[in-house]
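Enquirer: Below is a structure I'd like to ask you about.
In the numbering used here, the protein residues as written are 661 to 940.
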């Protein structure tokens, strides 16, 4: 019954037009970036390499698919949470807004089972969005620009990653990025349990992301102790896979913090949904 309920929830997500807004937006943005770099990418590369040309000599295909994928991911990863929340924030509140929440709870499955079905459906949608972004950013970029070493610009210089090592770094990077997006999906689902309209959870999710991001970037002593505990501090942990050497302990800490937030928020969502009054 649980698997059937999860399948039905996936079909619900697939039947809503809003579910395709994120995919369409990602497709459009990536297409624009690829077109711009195809037409004038050399100027962009010259801007990046200009400070190092006196001390370094650059050869080979610098403007390659790996670099394009890295640029696209850095641009999109801060916008994708909004696209995810746009769908997952509607999973519970949308039922309340349409008045179908009572009918939903008459099914021969527990409230916890219903919530987890919706949650897994939201995680599946998140995976589809991320895989689509990976397909366009990596494979299409490599098709257009070809393979090559990845040049990562850092605050203290350049990090050159050999082409044969880039693939595995992208793989693990996407796994951690997926975990960060699951965190956003869990947050918006939790807010959805407290609301009967779809706008509230979406705004609340983005508001919390903005607030925690500001707190995390402020160099104020009073925030220093809580900054490592904020989920926004660890949402960009995927970038650590493109450092040399890879900061394994730092990545492990980020994964633990994200998991703790996910489990805690999911627990709150289950508790609230089980206590939800469907008669009012």
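We treat Cβ as the ideally placed atom computed from N, Cα and C, and that holds for glycine. Quantities reported herein were computed from a predicted structural model and do not represent experimental measurements.
Take residue 801 and list the residues in its own chain whose beta-carbon comes closer than 6 Å to its own, dropping the five residues that flank it on each side.
Expert: So the list reads 725, 728 and 729, once near-sequence residues are dropped.
Enquirer: Quick one: complete alpha helix (DSSP H) runs, 4+ long, within the segment 734–760?
Expert: Those alpha helix (DSSP H) runs which fall completely within the segment 734–760 and span 4+ residues are 740–748 and 753–758.
Enquirer: Report all residues from its chain with a CB closer than 7 Å to the CB of residue 869; omit the five preceding and five following residues, and keep chain order.
Expert: Answer for residue 869: 741 and 892, listed in chain order.
Enquirer: Residue 789 to residue 875, Cα distance in whole Å?
Expert: The alpha-carbon atoms of residue 789 and residue 875 are separated by roughly 28 Å.
Enquirer: Tell me the residue span of the alpha helix (DSSP H) that contains residue 824.
Expert: Here the alpha helix (DSSP H) through residue 824 covers 823–853.
Enquirer: Report the three-state DSSP secondary structure of residue 661 (helix, strand or coil).
Expert: Coil, per DSSP.
Enquirer: Is it a yes or a no for the segment 732–752 touching the segment 679–690, going by three-plus beta-carbon pairs under 8 Å?
Expert: Because the criterion of three Cβ pairs below 8 Å is met, the segment 732–752 and the segment 679–690 touch.
Enquirer: Would you mind giving the Cβ-Cβ distance between residue 833 and residue 898, rounded to the nearest angstrom? I have them listed as a contact below 8 Å.
Expert: Right, their Cβ atoms sit about 4 Å apart.
Enquirer: Does the beta-carbon of residue 749 have 16 or more other beta-carbons within 10 angstroms, so that it is buried, or is it exposed?
Expert: Buried, by the Cβ-count rule.
Enquirer: What number of angstroms, rounded off, separates the C-alpha of residue 733 from the C-alpha of residue 794?
Expert: Spanning the two alpha carbons is a distance of roughly 9 Å.
Enquirer: Between the beta-carbon of residue 842 and the beta-carbon of residue 865, is there less than 8 Å?
Expert: It is not a contact, given that the beta carbons lie outside the stated cut-off.
Enquirer: Suppose you measure from the CA of residue 752 to the CA of residue 809; what does that come to, to the nearest Å?
Expert: Distance between the alpha carbons of residue 752 and residue 809 is about 45 Å.
Enquirer: Answer yes if the segment 845–857 comes into contact with the segment 913–929, meaning at least three C-beta pairs across the two stretches below 8 Å, and no otherwise.
Expert: Yes, they touch.
Enquirer: Taking 8 Å as the cut-off, decide whether the C-beta atoms of residue 673 and residue 785 are in contact.
Expert: Yes; because the gap between Cβ atoms is below 8 Å, this pair is in contact.
Enquirer: With distances taken from CA atoms, which of 693, 867 and 765 is nearest residue 736?
Expert: Of the listed residues, the one whose Cα sits closest to residue 736 is 693.
Enquirer: When the Cα atoms are used, what is the spatial distance from residue 670 to residue 881?
Expert: Their Cα atoms are separated by approximately 45 Å.
Enquirer: Got a sec, what are the start and stop residues for the alpha helix (DSSP H) residue 870 sits in?
Expert: Note, residue 870: alpha helix (DSSP H), 859–877.
Enquirer: Grab the span of the alpha helix (DSSP H) containing residue 792 for me, first residue to last.
Expert: That run of the alpha helix (DSSP H) goes 771–794.
Enquirer: Considering only DSSP beta bridges, list what residue 819 is partnered with.
Expert: For residue 819, which the question treats as bridged, DSSP gives the partners 812.
Enquirer: State yes or no: is the C-beta of residue 850 within less than 8 Å of the C-beta of residue 929?
Expert: For residue 850 and residue 929, yes; Cβs fall inside 8 Å.
Enquirer: For residue 837, tell me which candidate among 886, 914, 675 and 805 has the shortest Cα-Cα distance.
Expert: For the residues 886, 914, 675 and 805, the minimum Cα distance to residue 837 belongs to 914.
Enquirer: What are the boundary residues of the alpha helix (DSSP H) that residue 910 is part of?
Expert: Its alpha helix (DSSP H) spans residues 908–935.
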